[in-house]
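Trainee:
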Amino acid sequence: MKTYAFWRTAVSVLPFSLLGFITNGAFAQSAWETQEYKNGWQLDAVNAADAYALGYTGRGVNVGVLDSGLDTRHKEFDGRVLDGYDFTNNQKITGKANFDTDTHGTHVTGIIAADRDGVGMHGVAFDAKITPAIVDQNTRNQDAVYAGSWRFLADQGVSIINNSLGINDCAAVNTPPCNVTDYKPGELESNYADTIAAMKYTAEKDILMVFATGNEGQPSPDALGGMPYWIPELRDNWLVVGAVNSDGELADFSNRCGVAAEWCLVAPGVDVYSTMPLGTGWELDPDYALEDGTSMATPVVSGIAALVKEAFPFFSAKDLQQTLLTTATYMGDPELFGWGMVNAGKAVKGYGRFVSDVIIDTKGYDGTFANDIDGAGSLTKTGDGILALTGKNTYLGGTLIHGGILSVNGTLSSLVVVGIDGTLRGTGTIDAPLSVAGLLAPGDSPGTLTVDGPVALQETAVSRFDIDGTGTGTGVGNYSRLVTTGEAGVIGLAGRLDPVLRGISGDATNTYVASLGTRFNIIHSSVGIIGSFDAFTQPGTDELVKGTRLDILYQTTDVSLAVTPQVYGDLASHGLSTTRNVDAVGKALDEIRPDPGPRTNALFTGLYGTDADRLANALGQLSGEAYASANTLHVTHANATQDAIAQRIRAAFAADGLDDRATFWSSANGGWGAADGGGAETFDWGMANMLYGLDAGIGDIGRFGLAAGLGHSNGDVGSQNASVKATHYDIVTYGSTAFGSFDASIGASYTWSDMTTRRTPAFGGFTETLTASYDTRTAQVFGEIGYRATVGEFYLNPFVSGAYLSVKGSSFKESGGSAALSGAVSSSDIGVTLIGTRISTDFEVDAATFSASALLGWQHLYGDVQGTADVRFPGGTPFKVVGAALARDAARLDLNVDYILDPKTKVGLGYRGVFADTSHFSSIKGYLSVAF
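Going by UniProt numbering, the first residue of the sequence shown is number 1, and it counts up by one from there.
Quick look at the structure:
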């Protein structure tokens, strides 16, 4: 029967001062590379200082050491040793005494956890706790040597058990079985049933078992380290360690990794400096010594495992094993070196490769995988807590987030799926598709998450964006973004959008207050946006300027959050200059305004994309004000018709009375004007009219005539991108008489007007062309009475005239888009009076006879000088808008020159102007009359 063995070859002792001399200057200095650190070359060989620099020293980790015992009197273990058990002498290991039955256990334990106290050397995990156990060296039952010890340690809550021991004496007699492959199938199970049961118990307790390969120079490890070769269920919590020298060569005595290569690595095992039971070392350095053996390499790995366990307290035994293996430094042939030299500096940064599907339950802890992880496996994140990935990760199996937070601050190159209970954060890049059913929260505080591929937000997804300012960087003063790149970067939206301005984790002020008109481009797609969010979380009232809210602005490739008015019907409360029409439009929009979340129509998209200082103008463009201002065209046209008739009637009066000849006449005029009264926007218009008439005397009574005409008017509200056109058809009847020095005239007209409107509101990326056609009617009666007098060569005619006109309203319905209006232009009744004086005279130039005249008067309007319209948006209720108003009082100036071709024929040219503070109109007219 084979016996147990502690894997040590020989002991050599050097004085402390000489060892320090040998190692001094051999390695690059750092803050952690003290003389104490360098006295044991093993620390630098495994890059321990890199792990210490990251803050990992083994604190809080309990390592079990199954060995020959421990001299607990040694100062290197003060306060570091938990109660253990001596199975050889059946006593507790507690207090200060020499419990080491051989010296081997004290040397091994020092490599793991000797104190960093400036004396001698220090262990790999110098802040770890140790629970020692001594194997039963008295039993004659080989199957009982280790079983009870492992069960004891497992029940003490250790995370790692160091096993620098084996079960053969091949070093002495070289009689097989010397390595794990020398056993026959079933042989270990039958001979070591209790041992294997205890091994399985450690697996159930999720303990990492670290074994020495053995010191027989065998092609594979001893049976204990190689046990998963026969018992596969032990594979996930097993490590076996070979020994190398300071040149990186496998020690001559060290068993190779062989069939255990998948769970094997190497560590320094030659001339390893560590603690000895007091007084058993060299005479000048009696408490320390150098030793060789895989027994010395194994605790180096166990110590590093303790560092990793501190870094990742949520790690299972398999996680510890895989992290140590996949971060090892490659040394060559795996049958010799397995995965290579254990590397503390890399191991404390987490996995280096996913060789299979890895499930990480962070159990409420936070941790960071900082290595570049490759491999064919996948990562599944579960449990509360945050796991951050900061490396360039190229593993192929994809990433599934089932629970807690995964923060991608490096890169991922395979599919990422966020489950309903998972959260994805980070400022890194995902070079693959992303599907989210849980929480997506770009940034670790405000920051940008980039995806080079498609993104699909599911109905259950919540997209949370931190907002701490208007910047697009990371941290204070910025906001979070999701950005896709590449040809496949389409983003499909669904679920809830949740902006956060308070309680932002990480580097943020949490005091930012968003102002009206501010926009945050939270999502940008390289291809396009499809779908929309189903719901929206509105920030608190202290997070936005008073009277505002957030709305979602959907665009072709972007989604933005826009700070908009809580109500559009009270823009004045935000210090904006408004009009009656703007306020009316705002209130109407508030009635049909959709809740934030789903996509809205183009109209509100444009409003949400409009700067604060342009909001009032945007609402004005939506008002349909041009319909009301078109009233000006009807009044001006009717007034022009009246003026043409008055001019004709004046021409029929001679200085000595009424001309009784039949006369055909025509009049043409074109004019322009503007009105900005009544609080509406300025309405500019132009017009052109032709009027043809025939009149004749009726005995001594007077004259009677008929006229017909055609006219065209067009107006626009330039600030609102709105225009209106009218074609007028006129019929007029009129008459005049004279009695003594007085004259009088009267007339009536009726006008049919065909109206067309065109509005092209444009703001915030929104533009539509909206058109409508309708007709209206204008009836007018007018009259004048005047006095004729002659003063020298001048003809004077003081007069007073009056007119009443009624414009009949009409309904309309626009087409062309979401801002189309329907409604009715209101009817209006207007009275016009003009008091003034005409003065004229005839003169000759060469053989030509001319007549010149001028009119100076004061015009006053009564009634509805300001047009109105009742309009509505689709799905809304009617609201009233007003148009530009004509001034009620205005000065009137006419200038005319007639050329008398002969007694029957006359042509003339004139100017008419109406002037007031809020409106004006000017026209040029031509005149022809032929008497017969």
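Every residue, glycine too, gets a C-beta built ideally from N, C-alpha and C.
The model shown is predicted, which means the values in this text are computed figures rather than measured ones.
Mapping the DSSP letters down to three states, classify W858 as helix, strand or coil.
Mentor: DSSP places W858 in strand when its eight states are reduced to three.
Trainee: Just to confirm, are L821 and V871 a CB contact at a threshold of 8 Å?
Mentor: Closer than 8 Å, so yes.
Trainee: State the start and end residues of the unbroken alpha helix (DSSP H) segment that holds G606.
Mentor: Per DSSP, G606 belongs to the alpha helix (DSSP H) from A602 to Y608.
Trainee: I need the DSSP call for N714, collapsed to helix, strand or coil.
Mentor: DSSP places N714 in strand when its eight states are reduced to three.
Trainee: Which value, in whole angstroms, describes the spacing of the CA atoms of residue 989 and I401?
Mentor: The question about residue 989 has no answer, for the chain in this structure spans 1 to 932.
Trainee: Is DSSP giving K205 helix, strand or coil here?
Mentor: Coil.
Trainee: Just checking my contact of S407 with A508 at CB under 8 Å: how many whole Å lie between their CB atoms?
Mentor: Not quite, the Cβ-Cβ distance comes to about 15 Å (not below 8 Å), so this is no contact.
Trainee: Give me whichever residues DSSP pairs with D67 in a beta bridge.
Mentor: Bridge partners of D67: I134.
Trainee: Do I134 and T77 count as a contact pair if the criterion is CB distance below 8 Å?
Mentor: The sequence as given places Phe at residue 77; Thr does not occur at that position. Not closer than 8 Å, so no.
Trainee: Return the Cβ separation of W672 and S922 in integer angstroms, given the expectation that the two are a contact with Cβ distance under 8 Å.
Mentor: That pair is a contact at about 6 Å.
Trainee: Give me the Cα-Cα distance between T382 and T323, rounded to the nearest whole angstrom.
Mentor: The alpha-carbon atoms of T382 and T323 are separated by roughly 18 Å.
Trainee: Whose C-alpha, out of G783, Y692 and N521, is nearest the C-alpha of G735?
Mentor: If we check each option's Cα against that of G735, G783 comes out closest.
Trainee: Using DSSP with H/G/I as helix, E/B as strand and the rest coil, what is H728?
Mentor: Three-state DSSP puts H728 in a strand.
Trainee: According to DSSP, is G668 part of a helix, a strand, or is it coil?
Mentor: Correcting the residue identity first, residue 668 is Ala in this sequence and not Gly. Correct three-state label for A668: strand.
Trainee: How long is the line joining the alpha carbons of F843 and R650, rounded to whole angstroms?
Mentor: Cα to Cα, F843 sits roughly 18 Å from R650.
Trainee: Have a look at S463, R703, A461 and Y479 and flag the residue whose alpha-carbon is nearest the alpha-carbon of residue 947.
Mentor: Nothing can be reported for residue 947: it is not among the residues displayed for the chain, which extend from 1 to 932.
Trainee: Are there three or more Cβ pairs, one per stretch, closer than 8 Å when the stretch 225-236 is compared with the stretch 192-199?
Mentor: With the cut-off at 8 Å, the stretch 225-236 and the stretch 192-199 touch.
Trainee: Hey, A772 and V825: beta-carbon distance below 8 Å or not?
Mentor: The answer is no: Cβ separation not under 8 Å.
Trainee: From L691 to G786, what distance separates their C-alpha atoms?
Mentor: Going by the C-alpha atoms only, they are around 24 Å apart.
Trainee: Should K309 go down as buried or exposed, given a rule of 16 or more other Cβ atoms within 10 Å for buried?
Mentor: K309 is buried by the Cβ-count criterion.
Trainee: Which of helix, strand or coil does DSSP assign to S922?
Mentor: Reduced to three states, the DSSP call for S922 is strand.
Trainee: Return the first residue and the last residue of the alpha helix (DSSP H) that F337 is part of.
Mentor: That run of the alpha helix (DSSP H) goes P334 to F337.
Trainee: Quick check on G503: buried or exposed, where buried means 16 or more other Cβ atoms within 10 Å of its Cβ?
Mentor: G503 should be labelled exposed.
Trainee: Name the residue from V355, R703 and N179 whose alpha carbon lies nearest to the alpha carbon of R256.
Mentor: Of the candidates V355, R703 and N179, the one whose C-alpha sits nearest the C-alpha of R256 is N179.
Trainee: CB-CB under 6 Å to R425, same chain, minus the five flanking residues each way: which ones, in chain order?
Mentor: Excluding sequence neighbours, R425 sits near I405, S407, A441 and D444.
Trainee: Could you give the residue range of the beta strand (DSSP E) that holds N581?
Mentor: No beta strand (DSSP E) contains N581, which is instead part of the alpha helix (DSSP H) from R580 to I592.
Trainee: Under 8 Å between the Cβ atoms of A113 and G303?
Mentor: Yes; because the gap between Cβ atoms is below 8 Å, this pair is in contact.
Trainee: So the candidates are V881, A744 and E487; which of them puts its Cα closest to the Cα of E625?
Mentor: Among V881, A744 and E487, the Cα nearest to that of E625 belongs to V881.
Trainee: Verify whether the separation of the beta carbon atoms of M276 and D287 is less than 8 Å.
Mentor: Yes, the Cβ-Cβ distance between M276 and D287 is below 8 Å.
Trainee: Work out the CA separation of A885 and F536 for me, nearest whole Å.
Mentor: Approximately 44 Å, taken between the alpha carbons.
Trainee: From the DSSP output, in three-state form, read off Y533 for me.
Mentor: Going by the sequence as given, residue 533 is Phe instead of Tyr. Here F533 sits in coil by DSSP.
Trainee: Would you check if the stretch 626-634 and the stretch 860-869 touch, i.e. whether three or more CB-CB distances between them fall below 8 Å?
Mentor: A contact exists between the stretch 860-869 and the stretch 626-634.
Trainee: What residue from E283, L224 and A297 has the CA that sits closest to residue 967's CA?
Mentor: The structure shown does not extend to residue 967, since the chain is modelled only from 1 to 932, so the question has no answer here.
Trainee: According to DSSP, which residues form a beta bridge with V825?
Mentor: According to DSSP, which records beta bridges pairwise, V825 is partnered with S810 and A869.
Trainee: Measure the C-alpha to C-alpha separation of K813 and F683 and round it to an integer number of angstroms.
Mentor: Taking the straight line from one Cα to the other gives about 22 Å.
Trainee: What three-state label does DSSP hand A655 in the structure shown?
Mentor: Residue confidence for A655 is low, a pLDDT of 43 falling below 50, so the modelled location carries little weight and cannot support an answer.
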